[in-house]
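In our numbering, the protein residues as written are 23 to 212. We put the CB at the ideal spot given by N, CA and C, even for glycine. What follows is one structure encoded as C-alpha cells, with my remarks underneath.
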C-alpha cells in the first residue's frame, strides 16, 4: 500500500487580510485542489495532508467539510479519518485505474520499469559472480559473449578473473559481440 504526504504551505503568498483569514483561504484552495490531483494522478493508498495550522476550530471544520464535498465527486472509494493530534489530516483512497503515465507508456525493456539500469562496473561484477559459480560444469571452457565495452570492464579486473579461473579450474573465453546491447551478455559452454 502506497502512502502520499502532501504539505500545504503559503509559499510567498501572504495576503492582505489578517493571518488567520489568509491561512483559511489557502487551506480552502488546497482542499479543493488536492482531491482533483489525487484523481488526475490516480493516487491511492494512505494520504496524509498537512494543512497550514489554523487557530479557529470552525475554520478547521470548514476545511474538512470542503474536502469531503470534493472527495464525494471521486468515483474511487475515499475515507477521511480526520485530523490527528499533530494537525495532519488522515485519509485513504482506493486506486481505481491506471494513472495517465501507465495509460500512455510501456515498461522499459532495458530497466523493466525501475527507471535505472546497472552501470558497466556492476554488470561486470555480476558476470564475474556468475562465472565463479560455474565450477560444477563438466566443460573446461566457459564462453562469455558480451558487448566489447562491457567485456573491457570484466578484463580490467584481471586479478579477480585469474582467481576465478584458479578456483573453478575453468578457462573463460570472452567473446566481444557489438550486436548485443551494452547491458546484455550470454554465458554458455561450447
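Return the first residue and the last residue of the alpha helix (DSSP H) that residue 26 is part of. Segment 25–29 is the beta strand (DSSP E) holding residue 26; no alpha helix (DSSP H) there.
What are the boundary residues of the alpha helix (DSSP H) that includes residue 147? Residue 147: member of the alpha helix (DSSP H) spanning 142–154, first to last residue.
On the DSSP letters alone, give me the boundaries of the beta strand (DSSP E) that residue 194 sits inside. It spans 193–198 - the beta strand (DSSP E) in which residue 194 sits, taken as one unbroken run.
Could you tell me the boundaries of the beta strand (DSSP E) in which residue 68 lies? 67–72
When you compare the CB positions of residue 93 and residue 103, do they come within less than 9 angstroms of one another, or not? At the C-beta level, residue 93 and residue 103 stay beyond 9 angstroms of one another.
Please identify the residue among 151, 75, 68 and 69 whose C-alpha is closest to the C-alpha of residue 31. 75
Assigned secondary structure, residue 185 (DSSP; H/G/I helix, E/B strand, else coil): Look at residue 185 here: in three-state DSSP terms it is helix.
Going by beta carbon distance, what residues of the same chain come within less than 8 angstroms of residue 49, once the five residues before and after it are set aside? 30, 73, 74, 76, 81 and 85, listed in sequence order.
For the putative contact between residue 114 and residue 67, defined by C-beta atoms under 8 angstroms, what is the C-beta separation to the nearest angstrom? The beta-carbon distance between residue 114 and residue 67, rounded to whole angstroms, is 7 angstroms. This is short enough to meet the 8 angstroms contact definition.
So the candidates are 158, 168, 181 and 58; which of them puts its Cα closest to the Cα of residue 190? 158
Please confirm whether residue 165 has its beta-carbon closer than 9 angstroms to some beta-carbon of chain C. Here chain C cannot be found, since the structure has a single protein chain.
Straight-line CA distance for residue 56 to residue 24? 17 angstroms
Specify the secondary structure class of residue 88 as computed by DSSP and reduced to three states. helix
Is it true that the CB of residue 26 sits closer than 9 angstroms to the CB of residue 65? yes
Rounded separation between residue 154 and residue 128 - CA only: 35 angstroms
Helix, strand or coil: how does DSSP classify residue 115 here? In the three-state DSSP reduction, residue 115 falls in the strand class (E or B).
What whole-angstrom Cβ distance do residue 192 and residue 164 have, given they're in contact under 8 angstroms? 5 angstroms
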